[in-house]
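What follows is a short report on a single structure.
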Amino acid sequence: MLLRPEIASLAAYAQGRVPPSDGFKLSSNENPFDPLPGVLDAVASSTALNRYPDGAALALRDRLAERFGVGTAQVHLGAGSVALLSQFINAAAGPGDEVLYAWRSFEAYPGLVTVSGASSVTVPLLPDARHDLDGMVAAITDRTRVIIVCTPNNPTGPVVTADEFERFMAAVPSDRLVLLDEAYVEFVTDPSHVDGRALIGHYPNLVVLRTFSKAYGLAGLRIGYAIGPERLLNAARSTAIPMSVTDLAQSAALASLDREDELLARVATIAERRAQLRDGLLEQGWQVPQAQGNFVWLPTGIHTPFAIDAFFDAGLAVRGFVPDGIRVGVGEEDSVGRVLKIAQQVVDHLR
Ligand code: PMP
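The numbering used here puts the first residue of the sequence shown at 271, with every later residue one more than the last.
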C-alpha cells in the first residue's frame, strides 16, 4: 500500500472561510489590528533572504527566557505553536500510545495525533463548556503518553482555573507529558485562571505553549514558543523540521516584545469588544459560555449549518463546528454590531 491507511483517510486541516471584501473575517481568531509600530521596519531590515535563518534563534530565546525567569535552554521556538504541538506529540507518543484531550477543543489536535501514529482519547467538555479535568484524570491509562489542556479553550472560551490545574497536575503521573496550550492567554481577564508562567519549574512533565499569532498579531509570520524542562524541549528540537522559524518572524517577535504597552492596550480593546459582544448575545437569549479568548461560542446545535450561512450571507465569515456550534472572532470595531444584528435574526428565525 502506498499510503498509511490512517493518513489516506485523514482530511487536511481546513482553514477559516474568507468573507467578501466588505465583510469581516471572524473565522480564524486573528487579531484585527495591523502589526505593532516598529514591527514592519524590523522585518524589512531582516532581509538576508538568500541565507537560512538562525536556527538557534538566541536573541529571541534569550529575551523570552528573561521574561519568564528561565534559562535560554528552557525556551524553544516553532513555526507557530501548532508546529510545537506536533513536535511534542511526536516526541512522546507513537503507535499504540494514547494522547488525551478535551473535546471540543482545537481542531488541529486530532490530525496531529493521527500523524504521530498514536490514538486520540477525548473527554467531553462539561455542560458549561469547561474542561472536565476529573474526567480526564479518570481517562488516563497505561498507554497515555501526552495530555493536552487548552486554556482558554478554543473554540468554547472558558479557562481552567489555577486551583483546578494544580489538583490535576497532582493526579497526573509525572511520566506523562502535559502540554498547556495557552494560545489565547493574553486575552484572559478572569483572575482565577491558570497562568503557565507561574508554573514553570514546578513540574518535570509540563510544557507551556504560547504564540505570537493571536495577541501579538503575527499569525502570518508563523512563530510560537514553548517553555519547559530542557530535556523535554530537546526532544521537541529533535522532531522539528529544521530551520522552519524564519529570521523575519524572529525579528518581528523581538520588535513586538519591545511594544508591551501598545500590545496591552490592544488586548484590552479586544477584551472590551468581547464583553460587548457576549453581553449583547446573552441579552438575545444565547447561552454563551465564559469567553476568555478573542472569540465567543454560540451553541447553535443542529441549526449550525443554517447559522453559518446566515452570517456568511451578511458578510461575516465565522467558524462552524457541525453539529455543536459556531465560533465568532472578536474583530474590528464595526464587526461587533453586525454580528449582534445577525445573531438576533438567527434567534428570531429559530423561535
Ligand atoms: N493552539 C490553539 C488553541 C489555537 O487555537 C491555535 C490557532 N488557532 C494554535 C494553537 C496554533 O496557533 P499558531 O500555530 O498560529 O501559533
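The beta carbon of each residue, even a glycine, is placed where N, CA and C say it ideally should be.
Since the model is a prediction, treat every value here as computed from it, not as a measurement.
Under the DSSP definition of a beta bridge, which residues are partnered with R480?
DSSP lists Y495 as partners of R480.
Which of helix, strand or coil does DSSP assign to I417?
The answer is strand: DSSP assigns I417 an E or B state.
Report yes if the CB atom of P289 is closer than 8 Å to the CB atom of G585, and no otherwise.
Yes. Within cutoff.
Mind checking which residues open and close the alpha helix (DSSP H) that includes H401?
No alpha helix (DSSP H) contains H401, which DSSP labels as neither H nor E.
With C-beta atoms as the reference, is K484 less than 8 Å away from A453?
Yes. Within cutoff.
Kindly give me the distance between the Cβ atoms of N360 and S386, rounded to whole angstroms, as I take these residues to be in contact under 8 Å.
Contact flag correct, Cβ pair sits at about 5 Å.
Leaving aside the five residues before and after S402 along the sequence, list all residues of the same chain whose C-beta is less than 6 Å from its C-beta, in chain order.
Looking at the sequence itself, residue 402 is Asp, so the reference to Ser does not match. Within the same chain, D402 has close Cβ partners V393 and L396.
Going by other Cβ atoms of all chains shown within 10 Å of its Cβ, with 16 needed for buried, is H463 buried or exposed?
Its Cβ being crowded by 16 or more others within 10 Å, H463 is buried.
Going by Cα to Cα distance, which pick from V419, E532, A284 and Q357 is closest to W373?
Among V419, E532, A284 and Q357, the Cα nearest to that of W373 belongs to V419.
The alpha helix (DSSP H) that contains I277, what's its start and end?
Start and end: P275 to A278.
Can you list, in chain order, the stretches of the beta strand (DSSP E) that have 3 or more residues and sit fully within the stretch 552-590?
Here the runs fully enclosed are 565-568.
Could you say which of A541, G325 and Y283 lies nearest to M513 if we only look at CA atoms?
Selected option, being the one with the closest Cα: G325.
Thinking just about the alpha-carbon of each residue, which of L355, L551, S375 and S291 is nearest to the one in V383?
Answer by Cα proximity: L355.
Using a threshold of 7 Å, is the CB atom of N475 nearer than that to any non-hydrogen atom of the ligand PMP?
Result no, Cβ not under 7 Å from the ligand PMP.
Closer than 7 Å: is that where the CB of T481 sits relative to any heavy atom of the ligand MG?
In the structure shown, the ligand MG is absent; the only ligands present are the ligand PMP.
Nearest-angstrom Cα distance between E530 and P425?
E530 and P425: Cα-Cα distance of roughly 26 Å.
Please state the DSSP three-state secondary structure of P394.
In this structure, P394 counts as strand in the three-state DSSP scheme.
Between the Cα of E436 and the Cα atoms of G427, V407, V458 and R415, which residue gives the shortest distance?
Taking only the C-alpha atoms, the option nearest E436 is V407.
Alpha carbon to alpha carbon, how far is F565 from S307? Give it in angstroms, no decimals.
Rather than Ser, the amino acid found at residue 307 in this sequence is Pro. Their backbone Cα atoms lie some 24 Å apart in a straight line.
Between I410 and Y379, what straight-line distance do the alpha-carbon atoms span, to the nearest angstrom?
Using only the alpha carbons, I get a separation of about 17 Å.
Use the C-beta contact count for Q557: other C-beta atoms within 10 angstroms, 16 or more gives buried, fewer gives exposed.
Flag for Q557 reads exposed.
Just grab the DSSP bridge partners of T431 for me.
According to DSSP, T431 bridges with H463.
According to DSSP, simplified to helix, strand and coil, what is F294?
Here F294 sits in strand by DSSP.
Which whole-angstrom value is the C-beta distance of R468 and P428, which I expect to be below 8 Å?
At residue 468 the sequence reads Ala, which differs from the Arg that was named. 19 Å between Cβ atoms; not a contact.
Give a single yes or no on whether V352 has its beta carbon closer than 7 Å to a heavy atom of the ligand PMP.
Checking the Cβ of V352 against the ligand PMP gives yes.
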